[in-house]
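Asks: Would you mind keeping the following structure in view while I ask a few things?
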Amino acid sequence: MSEPKNGLVLGRFQPFHLGHLEYVEAARSHCRRLFVGITNPDPESRVPSGADPKRSLAENNPFTFAERRTMIEESLWDLGWTGRDFAIVPAPILQADRLLHYLPRPAETTVYMTIYDAWGEQKVEFMSKLGYQVEVLWRRDDDSRVASGTQIRTLLTSGDDWRVTSGDDWRALVPGAVARLLGESNFLAS
1 MSEPKNGLVL GRFQPFHLGH LEYVEAARSH CRRLFVGITN PDPESRVPSG ADPKRSLAEN
61 NPFTFAERRT MIEESLWDLG WTGRDFAIVP APILQADRLL HYLPRPAETT VYMTIYDAWG
121 EQKVEFMSKL GYQVEVLWRR DDDSRVASGT QIRTLLTSGD DWRVTSGDDW RALVPGAVAR
181 LLGESNFLAS
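Sequential numbering from 1 applies to the sequence shown in UniProt numbering.
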């Protein structure tokens, strides 16, 4: 079977971490061009999900679309990827009427998923109903995650004030480009 023209991965990437990088690299090995869909790209697109109601909360979505796009771009550029290898698009997941305007057409795209929980299963079902071929790269329990955005956000914050704290523990959980960006005082909203 020939490799699909387009691949698609989906995630909030709050922030982009080593688990996300593993996912993106695995998906890219199966297609000619990878679309990285950033879910919850704006506050209006944060639709609550019964499978994971916390994913739509403002405190779990501190980084803007532009900040997340920059984290992903710089991480992939550090690996030598070019514009021919990937594109980053908004992906207002669970809003089919909007989502299909941003993604490549289902007939020429395979969606690559990783399953850790009920939310992953819900995404597989949702994307399949939209007509996409879905390939599950792996199923792991939540304890097998390489990194967790929740864990990293906790390490990065002090109360409700989003700024990088003095601890360096979080740096081991993100690509070098993300560590550099998060270390820049002007990268995070004040």
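All residues carry an ideal CB built from backbone N, CA and C; glycine is no exception. This structure is a prediction, so every number in the text was calculated from the model and none was measured.
Below 8 Å on the Cβ atoms is my guess for T39 versus A91; work out the distance and round it to an integer in Å.
Replies: Reading the sequence shown from its first residue, position 39 is the one you call residue 39. Reading the sequence shown from its first residue, position 91 is the one you call residue 91. Sure, about 5 Å apart at Cβ, within 8 Å.
Asks: On a Cα-Cα basis, can you pick out the residue from G19, E67, H20, D42 that is closest to L182?
Replies: Reading the sequence shown from its first residue, position 182 is the one you call residue 182. It is E67.
Asks: In its own chain, which residues sit with a C-beta less than 7 Å from the C-beta of A179, not counting the 5 before and 5 after it?
Replies: Your numbering for residue 179 matches position 179 in the sequence shown. Contacts found: R171.
Asks: Can you tell me whether S45 is buried or exposed, with buried defined as 16 or more other CB within 10 angstroms of its CB?
Replies: Position 45 of the sequence shown, counted from the first residue, corresponds to residue 45. S45 comes out buried.
Asks: Give me the Cβ distance between A51 and L137, rounded to the nearest whole Å; I'm assuming they're in contact under 8 Å.
Replies: Your numbering for residue 51 matches position 51 in the sequence shown. Your numbering for residue 137 matches position 137 in the sequence shown. Actually they are not in contact, since the Cβ atoms of A51 and L137 sit about 19 Å apart, beyond 8 Å.
Asks: Who are the Cβ neighbours of A87 in its own chain at under 6 Å, not counting the five residues just before and after it?
Replies: As a first step, residue 87 must be located in the sequence shown, where it is residue number 87. F35.
Asks: Determine the DSSP secondary structure at W77, reduced to helix, strand or coil.
Replies: Within the sequence shown, the letter at position 77 stands for residue 77. Note: W77 maps to helix in three-state DSSP.
Asks: Is it buried or exposed, R12, if we count other Cβ atoms within 10 angstroms and call 16 or more buried?
Replies: Within the sequence shown, the letter at position 12 stands for residue 12. By the 10 Å Cβ count, R12 comes out buried.
Asks: Enumerate, from N- to C-terminal direction, the unbroken alpha helix (DSSP H) stretches of 4 or more residues contained entirely within the UniProt domain "Cytidyltransferase-like" (9-154).
Replies: The qualifying runs are 18-28, 65-78, 96-99, 118-129.
Asks: Taking the C-alpha atoms as reference points, what is the distance between Q151 and N60?
Replies: Within the sequence shown, numbered from 1, the residue matching residue 151 stands at position 151. Within the sequence shown, numbered from 1, the residue matching residue 60 stands at position 60. Going by the C-alpha atoms only, they are around 11 Å apart.
Asks: Between the Cα of V146 and those of T70, D117, G19, spot the shortest distance and give me the residue it belongs to.
Replies: For the purposes of this step, residue 146 is taken as residue 146 along the sequence shown, with counting starting at 1. Checking every option, the nearest Cα to that of V146 belongs to G19.
Asks: Measure the beta-carbon distance from V89 to L100 and round it to whole angstroms, keeping in mind my assumption that it falls under 8 Å.
Replies: On the sequence shown, residue 89 is found 89 positions in, with the first residue counted as 1. On the sequence shown, residue 100 is found 100 positions in, with the first residue counted as 1. Not a contact, Cβ separation roughly 11 Å.
Asks: Run through DSSP, which three-state label would W170 get?
Replies: Reading the sequence shown from its first residue, position 170 is the one you call residue 170. Note: W170 maps to helix in three-state DSSP.
Asks: Between residue 191 and P62, what straight-line distance do the alpha-carbon atoms span, to the nearest angstrom?
Replies: It is not possible to answer for residue 191, since the shown part of the chain is limited to 1 through 190.
Asks: Tell me whether S190 sits in a helix, a strand or coil according to DSSP, three-state version.
Replies: Position 190 of the sequence shown, counting from 1, holds the residue named residue 190. Because S190 sits at a pLDDT of 40, beneath the cut-off of 50, its placement in the model cannot be relied upon, and the point is left open.
Asks: Counting only the same chain and skipping the five closest in sequence on each side, list residues whose C-beta sits under 6 Å from that of M127.
Replies: Taking the first residue of the sequence shown as 1, we reach residue 127 at position 127. Taken in chain order, the residues that qualify are V111, V134.
Asks: Just list the residues that DSSP pairs G176 with in beta bridges.
Replies: Stepping through the sequence shown from its first residue, residue 176 is reached at position 176. Partner(s): none; G176 has no beta bridge.
Asks: Tell me, which residues are paired with G7 by DSSP?
Replies: As a working note, residue 7 is residue 7 in the sequence shown. Paired residue(s): L34, T110.
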